[in-house]
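Participant: Numbering-wise (the UniProt record's numbering), the sequence shown opens with residue 1 and increments by one.
Quick reminder that beta carbons are idealized off the backbone N, C-alpha and C, glycines included.
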Amino acid sequence: MKYILPILLAIALIVAGVWGYNQQQAREEYATFFMNNNQRLYYDLTGSVQSITTDLSKLMVSGQTRQNIILYSNIWKNSYNAQEKLAQLPIQHAQVSKTEKFLNQVGDYTFALAKRNLDGEQLSEQELENLESLHNYSASLCLELQELHNSIFKGEVWTGELIRKANKKLNRKAEEENPIDVQFNKFEERMVEYPELIYDGPFSEHVVKGKKPRLEGDKITEEQAREKVKEFLGEGTIKTAASAPGSTGRIDTYSFEAIPKNQAEGKGNTIYIDISQRVGYPVYILNNRDVPKANISPKQAIKRADKFLEEKGFKNMMPTYTMRYDNVVLVNYVYKQNDIVIYPDLIKVKIALDNGEVVGFDATQFLTSNYQRDIETPKLTSAEARKKATIRAQIEEEGQLCIIPTDAFGEILCYEFEANYKQDKFLVYVNANTGVEEKILKTVEKENGTLMI
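(1) Return the bridge partner residues of V428 from the DSSP annotation.
(2) Can you tell me whether V444 is buried or exposed, with buried defined as 16 or more other CB within 10 angstroms of its CB?
(3) Please go through the same chain and pick out, in chain order, the residues whose beta-carbon is closer than 8 Å to the beta-carbon of N327, but skip the five residues on each side of it.
(4) Quick one, are the C-beta atoms of L45 and A82 less than 7 Å apart?
(5) Taking all protein chains shown into account, decide if T110 is buried (16 or more other Cβ within 10 angstroms of its Cβ) or exposed.
(6) Flag this pair as touching only if the segment 328-348 and the segment 364-376 have three or more C-beta atom pairs under 8 Å; answer yes or no.
(7) Note down the Cα distance separating Y421 from E125, rounded to an integer number of angstroms.
(8) Could you work out which residue in E84, L215, Y429 is closest to K101 when comparing CA atoms only?
(9) Would you kindly work out how many angstroms separate the C-alpha atoms of F256 and Y272, rounded to a whole number?
(10) In this structure, does DSSP put G107 in helix, strand or coil?
(11) What would DSSP say about N117, mapped onto helix, strand or coil?
(12) Between which two residues does the alpha helix (DSSP H) carrying A258 extend?
(13) Considering only C-alpha positions, which residue in the set P319, Q365, S133 is nearest to L56?
(14) Within the same chain, show all residues whose beta-carbon is closer than 8 Å to that of N338, passing over the 5 residues directly before and after it, in chain order.
(15) Please state the DSSP three-state secondary structure of Q39.
(16) So, for L59: in the same chain, excluding its five sequence neighbours on each side, which residues have a beta-carbon less than 6 Å away from its beta-carbon?
(17) How is the alpha helix (DSSP H) around D306 delimited, first residue to last?
(18) Which value, in whole angstroms, describes the spacing of the CA atoms of Q423 and R304?
(19) Which partner residues of L286 appear in the DSSP bridge assignment?
(20) Let me check understanding here. Comparing Cα to Cα, which of K312, A301, G313 lies closest to P319?
(21) In terms of alpha-carbon separation, which member of E147, I275, R324 lies closest to K299?
(22) Does the Cβ-Cβ distance between I395 and Y429 come in under 7 Å?
(23) Assuming E416 contacts G399 under a Cβ cut-off of 8 Å, what Cβ separation, rounded to an integer in Å, is found between them?
(24) Counting C-beta neighbours from all protein chains within 10 Å, is the total for K315 16 or more, i.e. buried, or is it exposed?
(25) Nearest by alpha-carbon distance to K228: which of I251, G217, S276 is it?
(26) Would you report the Cα separation of I440 and T322, rounded to the nearest angstrom?
(27) The alpha helix (DSSP H) that contains R66, what's its start and end?
(28) Going by Cα to Cα distance, which pick from T364, Q146, T377 is closest to V283?
(29) Pick helix, strand or coil for Q122, following the three-state DSSP scheme.
(30) Name the two residues that bound the continuous alpha helix (DSSP H) containing V229.
(31) Alpha carbon to alpha carbon, what distance is there between K261 and L103?
(32) Following the continuous alpha helix (DSSP H) through R278, name the residue where it begins and the one where it ends.
(33) Where do the N-terminal and C-terminal ends of the alpha helix (DSSP H) with A294 fall, by residue?
(34) Where does K387 land, buried or exposed, given buried means 16+ other C-beta within 10 angstroms?
(35) Residue range of the alpha helix (DSSP H) that R386 falls in?
(36) Can you round the beta-carbon distance between F426 and A385 to whole angstroms, since I take them to be within the 8 Å contact cut?
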């Protein structure tokens with residue numbers, strides 16, 4: 001009996017030792033995999049940025065359309081490859097937000113230039129200056145990435161991330177010692193001077209550069225903005241409106257967290273609302289409350305949204321597309337000027353289907369883009385534009401005059417035609433002055449709404 005305990009202890013020690021060895025092996029294998037994978041992503045990122053820099057420099061000396069198209073395509077491909085690799089690296093988004101936007105705009109801008117090149121248009125002096133600016137920032141990013149090379153080679157860069165995962169107490173120290181965060185911070189600081197370039201996405205994200213006429217007015221105080229919150233949400237429904245950190249950017253705002261009077265009864269969530277510092281327009285509202293069931297139809301919800309916008313002073317707004325999810329309907333509204341649809345002037349409204357309450361509102365695009373446009377009479381009639389459109393699809397007789405954003409350079413007056421080809425539906429946008437097909441969108445009907453691709 002007296003030997004049993006020592007034997008059991010010895011066995012336990014052996015088992016513990018084997019288990020510990022296996023755990024150590026597993027940790028080492030994970031660490032090796034982790035660092036090798038991140039090194040691969042890093043080298044792919046660096047290679048893409050180097051290619052972008054080289055091809056941008058080649059554009060400075062290329063005078064042939066064919067060669068330009070090849071260079072534009074390469075830059076576009078490498079910019080999105082670089083974004084993909086950057087997104088997979090263990091770096092905080094805040095550290096690289098400007099870098100991500102830079103890579104995105106490089107791709108989108110050169111893609112837009114490629115389309116213009118196909119139309120036979122030459123680069124203007126301003127466009128050449130933009131390319132020169134993009135090249136300089138790309139070269140700067142290359143230098144920062146190259147400075148990391150030695151640390152990468154020594155396996156030092158990703159150890160901070162492993163420390164963070166292994167021991168939360170060392171978070172701050174690991175972050176301070178992570179070379180990649182340091183290098184990207186340097187590039188982000190340089191990006192402060194980077195110009196707001198020309199492109200910000202398709203219809204739902206477009207902004208006309210330099211157009212903010214609705215926000216050309218006096219700056220209001222925070223207390224005045226607080227009164228705007230109560231006025232917009234309803235004086236009788238709000239208990240308090242506490243200040244929150246505001247935001248600066250496309251629209252400078254005061255931010256508030258509004259407490260509904262019925263919150264104590266468990267019937268209302270905190271409502272987040274942004275008010276523009278200029279003039280005092282509501283920019284963004286979010287009431288992320290639970291909507292357990294649907295008591296009204298999407299059509300009824302759209303009528304509620306129509307009434308809401310009318311009451312709040314947003315006139316001549318037309319619902320375009322809707323999407324339903326989790327008993328909430330999101331409705332996109334665009335502005336109409338003299339029966340011409342203005343797609344850049346967009347407002348999004350979310351309606352809860354349990355009681356028709358507005359639980360979301362985003363007027364960022366509208367407040368940035370909306371102004372009274374001087375729209376000239378189109379050179380082509382609807383019938384003439386229709387003849388210019390694709391001949392393989394069945395196209396409706398009458399087109400809708402509209403203004404759509406270009407990929408990079410402003411706005412175009414078009415006729416919008418609904419088209420059918422076999423089982424598919426499309427929207428075809430034909431330039432109302434030249435007859436050029438500017439854009440084609442495919443409409444896909446889903447159970448919860450319509451997608452545009």
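Facilitator: Looking at the coordinates:
(1) Taking the sequence shown and counting its residues from 1, the one referred to as residue 428 is at position 428. V428 is bridged to F417, I440.
(2) Here residue 444 corresponds to residue number 444 of the sequence shown, with the count starting at 1. With fewer than 16 Cβ atoms within 10 Å of its Cβ, V444 is classed as exposed.
(3) On the sequence shown, position 327 is the one that residue 327 refers to. Result list for N327: V291, P292, K293, A294, A352, L353, D354, in chain order.
(4) As a position in the sequence shown, residue 45 is number 45, starting the count at 1. As a position in the sequence shown, residue 82 is number 82, starting the count at 1. Yes, they are a contact pair.
(5) Start at 1 with the first residue of the sequence shown, and residue 110 comes out as number 110. Result: buried.
(6) yes
(7) Taking the sequence shown and counting its residues from 1, one reaches residue 421 at position 421. Taking the sequence shown and counting its residues from 1, one reaches residue 125 at position 125. Going by the C-alpha atoms only, they are around 42 Å apart.
(8) Position 101 of the sequence shown, counted from the first residue, corresponds to residue 101. Of the listed residues, the one whose Cα sits closest to K101 is E84.
(9) Counting from one through the sequence shown, the residue named residue 256 turns up at place 256. Counting from one through the sequence shown, the residue named residue 272 turns up at place 272. F256 and Y272: Cα-Cα distance of roughly 6 Å.
(10) If you number the sequence shown from 1, residue 107 lands on position 107. Helix, per DSSP.
(11) By 1-based counting over the sequence shown, the position of residue 117 is 117. Helix.
(12) For the purposes of this step, residue 258 is identified with residue 258 of the sequence shown, where counting begins at 1. Element bounds for A258: not the alpha helix (DSSP H) but the beta strand (DSSP E), 253-260.
(13) Looking up residue 56 in the sequence shown gives position 56. Here the closest residue by C-alpha is S133.
(14) Indexing the sequence shown from 1 puts residue 338 at position 338. I375.
(15) Numbered from 1 along the sequence shown, position 39 holds the residue referred to as residue 39. Taken through DSSP and simplified to helix, strand or coil, Q39 comes out as helix.
(16) Position 59 of the sequence shown, counting from 1, holds the residue named residue 59. Result list for L59: L71, L131, in chain order.
(17) Within the sequence shown, numbered from 1, the residue matching residue 306 stands at position 306. Residues 298-311.
(18) In the sequence shown, counting from the first residue as 1, residue 423 sits at position 423. In the sequence shown, counting from the first residue as 1, residue 304 sits at position 304. Cα-Cα distance, rounded: 33 Å.
(19) Position 286 of the sequence shown, counted from the start, is the residue given in the question as residue 286. DSSP output for L286 lists Y272, G360 as bridge partner(s).
(20) Here residue 319 is taken as the residue at index 319 of the sequence shown, counted from 1. Comparing Cα-Cα distances from P319 to each of K312, A301, G313, the minimum goes to A301.
(21) Here residue 299 refers to the residue found at position 299 of the sequence shown. For the residues E147, I275, R324, the minimum Cα distance to K299 belongs to R324.
(22) In the sequence shown, the residue the question calls residue 395 occupies position 395. In the sequence shown, the residue the question calls residue 429 occupies position 429. No; because the gap between Cβ atoms is not below 7 Å, this pair is not in contact.
(23) Within the sequence shown, numbered from 1, the residue matching residue 416 stands at position 416. Within the sequence shown, numbered from 1, the residue matching residue 399 stands at position 399. Confirmed, about 6 Å.
(24) Within the sequence shown, residue 315 is the residue found at index 315, counting from 1. With fewer than 16 Cβ atoms within 10 Å of its Cβ, K315 is classed as exposed.
(25) Stepping through the sequence shown from its first residue, residue 228 is reached at position 228. Out of I251, G217, S276, S276 has the C-alpha closest to the C-alpha of K228.
(26) Counting from 1 along the sequence shown, the entry for residue 440 is found at position 440. Counting from 1 along the sequence shown, the entry for residue 322 is found at position 322. Cα to Cα, the separation comes out at about 20 Å.
(27) Within the sequence shown, residue 66 is the residue found at index 66, counting from 1. Where R66 is concerned, the enclosing alpha helix (DSSP H) stretches over 65-88.
(28) Numbered from its first residue, the sequence shown carries residue 283 at position 283. Ranking T364, Q146, T377 by Cα distance to V283 puts T364 first.
(29) Against the sequence shown, residue 122 aligns to sequence position 122. Three-state DSSP puts Q122 in coil, outside helix and strand.
(30) Numbered from its first residue, the sequence shown carries residue 229 at position 229. 222-233 is the span of the alpha helix (DSSP H), which, as asked, contains V229.
(31) Taking the first residue of the sequence shown as position 1, residue 103 is located at position 103. Taking the first residue of the sequence shown as position 1, residue 261 is located at position 261. Roughly 46 Å between the two C-alpha positions.
(32) As a first step, residue 278 is located in the sequence shown; it is residue number 278 there, counting from the start. No alpha helix (DSSP H) holds R278; DSSP gives it neither H nor E.
(33) The sequence position of residue 294 within the sequence shown is 294, counting from 1. It is not in any alpha helix (DSSP H) - A294 carries neither H nor E in the DSSP assignment.
(34) On the sequence shown, position 387 is the one that residue 387 refers to. Exposed, because fewer than 16 other Cβ atoms sit within 10 Å of the Cβ of K387.
(35) For the purposes of this step, residue 386 is taken as residue 386 along the sequence shown, with counting starting at 1. Where R386 is concerned, the enclosing alpha helix (DSSP H) stretches over 382-388.
(36) For the purposes of this step, residue 426 is taken as residue 426 along the sequence shown, with counting starting at 1. For the purposes of this step, residue 385 is taken as residue 385 along the sequence shown, with counting starting at 1. Not a contact, Cβ separation roughly 15 Å.
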